[in-house]
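S.K.:
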Amino acid sequence: MRVVPVVCWLLLVSPGSAQEVKPGKQPMIVCAAPLAVVPGRETKLTLRGAFLDEITAVKVVSAEIKVEITSKGKTPVPQNHDAKRVGDTQAEIKFTLPTETPSGKLSLIAVSANGESAAYEIVVAKPDDLIDEKEPNDGFKSAQSASAGKTIVGAIGDARNVDVFRIELAAGQKLIIEITAARAGSLLDPTLTLYDSKGVVVAANDDHAGTRDSRIETTLARPGTYYVTVQDANDSGGPHFAYLLKFGL
Numbered sequence: 000m001r002v003v004p005v006v007c008w009l010l011l012v013s014p015g016s017a018q019e020v021k022p023g024k025q026p027m028i029v030c031a032a033p034l035a036v037v038p039g040r041e042t043k044l045t046l047r048g049a050f051l052d053e054i055t056a057v058k059v060v061s062a063e064i065k066v067e068i069t070s071k072g073k074t075p076v077p078q079n080h081d082a083k084r085v086g087d088t089q090a091e092i093k094f095t096l097p098t099e100t101p102s103g104k105l106s107l108i109a110v111s112a113n114g115e116s117a118a119y120e121i122v123v124a125k126p127d128d129l130i131d132e133k134e135p136n137d138g139f140k141s142a143q144s145a146s147a148g149k150t151i152v153g154a155i156g157d158a159r160n161v162d163v164f165r166i167e168l169a170a171g172q173k174l175i176i177e178i179t180a181a182r183a184g185s186l187l188d189p190t191l192t193l194y195d196s197k198g199v200v201v202a203a204n205d206d207h208a209g210t211r212d213s214r215i216e217t218t219l220a221r222p223g224t225y226y227v228t229v230q231d232a233n234d235s236g237g238p239h240f241a242y243l244l245k246f247g248l
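Under numbering that gives the first Met the number 0, the letters of the sequence shown match residues 0 to 248, in that order.
#1: Can you grab the Cα-Cα spacing for the pair GLU91 / LYS43, in whole Å?
#2: Since LYS71 is in the beta strand (DSSP E), which residue starts that stretch and which ends it?
#3: Do GLN89 and PHE50 come within 8 Å of each other at the CB atom, strictly closer than that value?
#4: Answer with buried or exposed for GLY15, where buried requires no fewer than 16 other C-beta atoms within 10 angstroms of its C-beta.
#5: Quick check: ARG221 and ALA142, are their CB atoms within less than 8 Å of each other?
#6: Should the region 148-162 be regarded as contacting the region 238-245, the criterion being three or more beta carbon pairs within less than 8 Å?
#7: Can you tell me which of the three DSSP states ASP206 falls into?
#8: What beta strand (DSSP E) runs, 3 residues minimum, are completely inside the region 68-121?
#9: Using the Cα positions of GLU63 and LEU96, report the straight-line distance between them to the nearest angstrom.
#10: In chain order, which beta strand (DSSP E) runs of at least 3 residues are fully inside the region 147-179?
#11: Identify which residue in ASP188, GLY223 and ALA208 has its Cα closest to the Cα of VAL201.
#12: If you draw a straight line from the alpha carbon of VAL6 to that of SER61, how long is it in whole angstroms?
#13: Determine the direct distance from the alpha carbon of ALA118 to that of THR55, and round the result to whole angstroms.
#14: If the criterion is Cβ atoms closer than 8 Å, does the pair PRO38 and VAL123 meet it?
#15: Give the C-beta separation of ASN233 and ASP188 to the nearest angstrom, bearing in mind that I take them to be a contact with Cβ-Cβ under 8 Å.
#16: Terminal residues of the continuous beta strand (DSSP E) containing ALA56?
#17: Who are the Cβ neighbours of ASN79 in its own chain at under 8 Å, not counting the five residues just before and after it?
#18: Are ALA109 and VAL57 closer than 8 Å when you measure CB to CB?
#19: Which class does ALA181 belong to by DSSP, given the choice of helix, strand or coil?
#20: From SER213, THR179, ASN113 and LYS71, pick the residue whose C-alpha is nearest to that of LEU193; which is it?
#21: For ASN136, which residues in the same chain have their Cβ closer than 8 Å to its Cβ, ignoring the five residues on either side in sequence?
#22: Rounded to the nearest angstrom, how far is the Cβ of LEU107 from that of VAL59, given a contact under 8 Å?
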């Protein structure tokens with residue numbers, strides 16, 4: 000049976016209100032923070048892009064939910080970034096996905112008097128699959144605990160910030176660490192580094208498979224505590240330098 004997606008939206012202007020259409024000012028969503036949402040919980044997202052300060056609604060495809068725009072306006076362009084690529088506006092929204100929403104992707108569309116944005120996808124995941132990054136975690140002594148099979152939802156919040164995670168592993172295990180950031184529109188250009196318990200570099204990666212995202216795959220020679228660091232290749236940071244960091248064996 001062919002399923003027709005249901006599109007729900009919240010209009011923040013009264014029906015029939017006259018608005019001037021301005022060609023070339025169609026909204027664009029570049030990225031969202033955070034990059035993942037959990038069904039059954041109130042979700043607060045900050046969308047970044049172009050002309051989002053003029054939007055009147057946000058559509059969510061294939062989900063019968065109400066979306067509220069809580070704020071919108073201009074936002075600074077980070078150093079070494081082009082406003083034409085990353086945008087200079089943002090909108091904060093909140094909504095709650097039904098508990099039965101399956102894991103996968105959720106598409107958002109921003110709407111204004113000048114048109115609609117292209118669909119922007121974020122990850123939908125079960126709460127047991129995600130771990131929120133917690134500060135402070137900028138050194139080995141304050142490293143946040145991580146687990147295989149889990150995904151960290153985080154962000155490099157400030158310039159020159161480093162996020163550090165700790166994981167216990169056995170000898171002979173094949174560890175795969177993968178970060179999703181640039182592929183999701185995040186402003187983060189991530190680098191990953193894996194250290195052993197003595198602080199010796201085991202593996203490192205900047206760009207992988209033609210993307211600006213990073214991936215490490217290595218077989219561990221010794222058991223023990225290992226540390227993983229995430230940072231921006233250009234030492235930049237901010238709320239839209241978001242990432243998803245997955246640990247797999």
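Don't be surprised by glycine CBs; every beta carbon is placed ideally from N, CA and C.
M.R.: Considering the structure as presented:
#1: Residue 91 sits at position 92 when you count from the first residue of the sequence shown. Residue 43 sits at position 44 when you count from the first residue of the sequence shown. Distance from the CA atom of GLU91 to the CA atom of LYS43, rounded to whole angstroms, is 7 Å.
#2: Here residue 71 is taken as the residue at index 72 of the sequence shown, counted from 1. Following the DSSP letters along the chain, one finds LYS71 inside the beta strand (DSSP E) bounded by residues 67-73.
#3: By 1-based counting over the sequence shown, the position of residue 50 is 51. By 1-based counting over the sequence shown, the position of residue 89 is 90. Cβ atoms of PHE50 and GLN89: not closer than 8 Å.
#4: Locating residue 15 in the sequence shown gives position 16, where the first residue counts as 1. Confidence at GLY15 is low in this model, with a pLDDT of 37, below 50, so the placement of that residue should be treated as unreliable; the coordinate-derived value is given next. It is exposed - the Cβ of GLY15 has fewer than 16 other Cβ atoms within 10 Å.
#5: Position 222 of the sequence shown, counted from the first residue, corresponds to residue 221. Position 143 of the sequence shown, counted from the first residue, corresponds to residue 142. No, Cβ-Cβ distance for ARG221 and ALA142 is not below 8 Å.
#6: As far as the Cβ criterion goes, the region 148-162 touches the region 238-245, which means the pair count is three or higher.
#7: Your numbering for residue 206 matches position 207 in the sequence shown. Coil, per DSSP.
#8: Annotation note: the region 68-121 contains the following uninterrupted beta strand (DSSP E) runs of length 3 or greater, listed N- to C-terminal: 88-95 and 103-111.
#9: Counting from one through the sequence shown, the residue named residue 63 turns up at place 64. Counting from one through the sequence shown, the residue named residue 96 turns up at place 97. Cα to Cα, the separation comes out at about 8 Å.
#10: Counting whole runs of 3 or more residues, the region 147-179 contains the beta strand (DSSP E) stretches 150-154, 161-168 and 173-179.
#11: Residue 201 sits at position 202 when you count from the first residue of the sequence shown. Nearest neighbour of VAL201 by Cα position, chosen from ASP188, GLY223 and ALA208, turns out to be GLY223.
#12: Here the question's residue 6 lines up with position 7 in the sequence shown. Here the question's residue 61 lines up with position 62 in the sequence shown. No answer about VAL6 holds up, because its pLDDT of 37 lies below 50 and its placement is not dependable.
#13: Numbered from 1 along the sequence shown, position 56 holds the residue referred to as residue 55. Numbered from 1 along the sequence shown, position 119 holds the residue referred to as residue 118. When rounded, the distance between both Cα atoms is 16 Å.
#14: Translated into the one-based positions of the sequence shown, residue 38 becomes position 39. Translated into the one-based positions of the sequence shown, residue 123 becomes position 124. In this structure, VAL123 lies closer than 8 Å to PRO38 by Cβ.
#15: What you label residue 233 is simply residue 234 of the sequence shown in a count that begins at 1. What you label residue 188 is simply residue 189 of the sequence shown in a count that begins at 1. Confirmed, Cβ separation roughly 6 Å.
#16: Within the sequence shown, the letter at position 57 stands for residue 56. Bounds of the beta strand (DSSP E) holding ALA56 are 56-60.
#17: Working through the sequence shown from its first residue, we reach residue 79 at position 80. If we look at ASN79 and ignore the five residues flanking it on each side, its Cβ neighbours are ASN233 and SER235.
#18: Your numbering for residue 109 matches position 110 in the sequence shown. Your numbering for residue 57 matches position 58 in the sequence shown. Going by C-beta atoms, ALA109 is nearer than 8 Å to VAL57.
#19: Numbered from 1 along the sequence shown, position 182 holds the residue referred to as residue 181. In the three-state reduction of the DSSP assignment, ALA181 falls in the helix class.
#20: As a working note, residue 193 is residue 194 in the sequence shown. It is SER213.
#21: Looking up residue 136 in the sequence shown gives position 137. The residues are ALA142, GLN143, ASP162, VAL163 and PHE164.
#22: Mapped onto the sequence shown, residue 107 falls at position 108. Mapped onto the sequence shown, residue 59 falls at position 60. Confirmed, about 6 Å.
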